[in-house]
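Trainee:
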Amino acid sequence: MEKRVGHIVKWLQDKVKEAGAKGALVGVSGGIDSAVVAYLIKRAFPNNSLGVLLPINKRVEDQSDALAVVENARLDYVGIELTDAYQTTFGAIQENLKNKGDWNEGNSQLRGANLQARLRMSTLYAVGQNYDYLVIGTDNAAEDYTGYFTKYGDGGVDLVPLIHMRKEEVREMAKYLGVTDTVVTKKPSAELWEGQSDEEEMGISYNAIDAYLRGETINAKDEKVLKNLHERSEHKRQVPDGPAQFEEE
Ligand SMILES: Nc1ncnc2c1ncn2[C@@H]1O[C@H](COP(=O)(O)OP(=O)(O)OC[C@H]2O[C@@H]([n+]3cccc(C(=O)O)c3)[C@H](O)[C@@H]2O)[C@@H](O)[C@H]1O
Ligand SMILES: Nc1ncnc2c1ncn2[C@@H]1O[C@H](COP(=O)(O)OP(=O)(O)OP(=O)(O)O)[C@@H](O)[C@H]1O
Ligand SMILES: [Mg+2]
Numbered sequence: 001m002e003k004r005v006g007h008i009v010k011w012l013q014d015k016v017k018e019a020g021a022k023g024a025l026v027g028v029s030g031g032i033d034s035a036v037v038a039y040l041i042k043r044a045f046p047n048n049s050l051g052v053l054l055p056i057n058k059r060v061e062d063q064s065d066a067l068a069v070v071e072n073a074r075l076d077y078v079g080i081e082l083t084d085a086y087q088t089t090f091g092a093i094q095e096n097l098k099n100k101g102d103w104n105e106g107n108s109q110l111r112g113a114n115l116q117a118r119l120r121m122s123t124l125y126a127v128g129q130n131y132d133y134l135v136i137g138t139d140n141a142a143e144d145y146t147g148y149f150t151k152y153g154d155g156g157v158d159l160v161p162l163i164h165m166r167k168e169e170v171r172e173m174a175k176y177l178g179v180t181d182t183v184v185t186k187k188p189s190a191e192l193w194e195g196q197s198d199e200e201e202m203g204i205s206y207n208a209i210d211a212y213l214r215g216e217t218i219n220a221k222d223e224k225v226l227k228n229l230h231e232r233s234e235h236k237r238q239v240p241d242g243p244a245q246f247e248e249e
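Take the sequence shown: its position 133, counting from 1, is numbered 133 in full-length UniProt numbering, and each next residue is one higher.
1. For the region 229 to 244 against the region 178 to 193, are there 3 or more C-beta pairs whose distance is under 8 Å?
2. As a quick exercise: from Ala73, Trp11, Gly31, Leu134, pick the residue whose alpha carbon is nearest that of Gln63.
3. Looking at the unbroken beta strand (DSSP E) that takes in Leu25, where does it start and where does it end?
4. Which residue marks the beginning of the alpha helix (DSSP H) containing Val9, and which one marks its end?
5. Taking the alpha helix (DSSP H) that Ser122 belongs to, which residues open and close that run?
6. Give me, in chain order, the residues of the same chain whose beta-carbon lies closer than 6 Å to that of Pro55; leave out the 5 immediate sequence neighbours on both sides.
7. In this structure, how does DSSP classify Tyr77 when only helix, strand and coil are distinguished?
8. Indicate whether Leu75 and Ser108 have their beta-carbon atoms separated by less than 8 Å.
9. Does the Cβ of Ile41 have 16 or more other Cβ atoms within 10 Å, making it buried, or fewer, making it exposed?
10. Can Glu191 be considered in contact with ligand 2, in the sense that its beta carbon sits closer than 7 Å to one or more heavy atoms?
11. Closest by CA to Val183, which one among Asn72, Asp222, Gly106, Asn47?
12. Just to confirm, is the Cβ distance from Val36 to Ala174 under 8 Å?
13. For the region 136 to 197, which segments carrying the alpha helix (DSSP H) assignment without a break, of at least 4 residues, lie completely within its bounds, in sequence order?
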C-alpha cells in the first residue's frame with residue numbers, strides 16, 4: 001500500500017509542478033473519499049495544502065467529522081459557510097421562475113442539490129487561485145463509472161487521484177493512511193438532502209459496482225441498473241460536444 005500511496009503522491013507533485021502551481025486543496029466533507037485525498041495532499045505538499053470545509057445549512061463547527069479529518073491529517077484548513085449564498089441564489093431562481101409561471105417543483109430537490117455542489121466548486125476555485133493551488137477531486141472509479149457526481153460540481157476539478165480506485169480500495173487506503181473508523185465505516189452520502197444515501201439513490205450497492213469493476217459477473221438486475229447509470233452519464237465523462245466544422249460548398 002505504501003507504494004500505491006507513493007505513486008499517487010509523486011503523480012500529484014508532478015502534475016502540480018507541471019501546472020506551475022504551488023500546491024493543492026480539497027473540499028473536506030467528513031466522508032471517506034475526501035478524507036483520503038486530504039491525507040494524500042498533505043503528504044504531497046506538507047506546507048502547501050489546504051482542506052476547505054463548505055457547509056450548507058450547517059455551521060462549520062458542526063462538521064465534526066470533517067474537522068476531525070483535517071486535524072488528524074494535520075492539514076491546514078479554512079471553513080466557509082455557504083448557507084446564505086445557496087439560499088439567496090436558489091431563492092432568486094425560484095422566485096423569478098415562479099413569477100414567470102415556469103417553476104418545476106418536480107425535480108427541485110435535485111436541482112438544489114446540484115446547485116450546492118456547483119457553489120462548492122466555484123468556491124474551491126476562488127480559494128485555489130488565492131493560494132495558487134490546484135483543485136483536487138475525490139471521484140473514485142465507482143462514481144466515475146456510474147456518473148454519480150454533479151457535472152461541473154464535485155466533478156469540476158483539476159486532478160482526480162482516486163479515479164482508478166474502487167470504493168473497496170479507497171477504504172483500504174483510508175485505513176492505511178489512518179483515517180478514523182467513524183469515517184471509514186460511515187454510510188456513503190452526498191449529504192445534499194436529509195437522509196440521502198448513495199446506494200439507495202443509485203439503486204445498487206458499492207459492493208456490486210466494485211465486483212463488476214473487478215470483472216466479475218453480477219446479478220442481472222444490478223447489471224441492468226449499472227448499465228443504465230453508465231450510459232445515461234456518458235456526457236459527463238466527455239468534453240462538451242460541438243458541431244462538425246462548417247465547410248462552405
Ligand atoms: N446527453 C447529454 N449531453 C450533454 N449534456 C447532458 C446530456 N444529458 C444531460 N445533460 C446535462 O447534464 C445535466 C444533468 O447532470 P448533473 O447536473 O450532473 O445532474 P444529475 O446527474 O441529474 O444529478 C447528479 C447526481 O449526482 C449525485 N451527486 C451529486 C453531487 C455529489 C455526489 C456525491 O456523491 O457526493 C453525488 C446526485 O445526488 C445526483 O444523483 C442536465 O441538466 C443537462 O444539463
Ligand atoms: N460540506 C462539504 N464541505 C466541503 N466539501 C464538500 C462538502 N460536501 C461535499 N464536498 C465535496 O464533494 C465531494 C463529493 O462528495 P462525496 O460524498 O462523493 O465524497 P465523500 O463525502 O468524501 O465520501 P462518501 O462518498 O463516502 O460520502 C467530497 O469528497 C468533497 O470534496
Ligand atoms: Mg459524502
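Cβ coordinates follow ideal geometry from the N, Cα and C atoms, glycine included. Just so it is clear, the structure is predicted and the values come from calculations on it, not from any experiment.
Mentor: For this structure:
1. Taking 8 Å as the limit for Cβ pairs, the verdict is that the region 178 to 193 does not touch the region 229 to 244.
2. Reading the sequence shown from its first residue, position 63 is the one you call residue 63. It is Gly31.
3. In the sequence shown, counting from the first residue as 1, residue 25 sits at position 25. Secondary structure note for Leu25: its beta strand (DSSP E) is the uninterrupted segment 23 to 27.
4. Walking along the sequence shown from the start, residue 9 turns up at place 9. Counted as a single uninterrupted DSSP element, the alpha helix (DSSP H) harbouring Val9 occupies residues 2 to 18.
5. Within the sequence shown, residue 122 is the residue found at index 122, counting from 1. Boundaries of the alpha helix (DSSP H) around Ser122: 108 to 131.
6. As a working mapping, residue 55 is identified with position 55 in the sequence shown. These residues qualify, in order along the chain: Gln63, Glu81.
7. As a position in the sequence shown, residue 77 is number 77, starting the count at 1. In this structure, Tyr77 counts as strand in the three-state DSSP scheme.
8. Along the sequence shown, read from residue 1 onward, the residue named residue 75 stands at position 75. Along the sequence shown, read from residue 1 onward, the residue named residue 108 stands at position 108. Contact flag unset, no.
9. Taking the sequence shown and counting its residues from 1, the one referred to as residue 41 is at position 41. Counting of Cβ neighbours within 10 angstroms places Ile41 among the buried residues, the total reaching 16 or more.
10. Here residue 191 corresponds to residue number 191 of the sequence shown, with the count starting at 1. Indeed, a heavy atom of ligand 2 lies less than 7 Å from the Cβ.
11. In the sequence shown, the residue the question calls residue 183 occupies position 183. Asn72 is the residue among Asn72, Asp222, Gly106, Asn47 whose C-alpha sits nearest the C-alpha of Val183.
12. Here residue 36 refers to the residue found at position 36 of the sequence shown. Here residue 174 refers to the residue found at position 174 of the sequence shown. Their beta carbons are under 8 Å apart, which means Val36 touches Ala174 by this criterion.
13. Runs found: 141 to 146, 167 to 177, 181 to 184.
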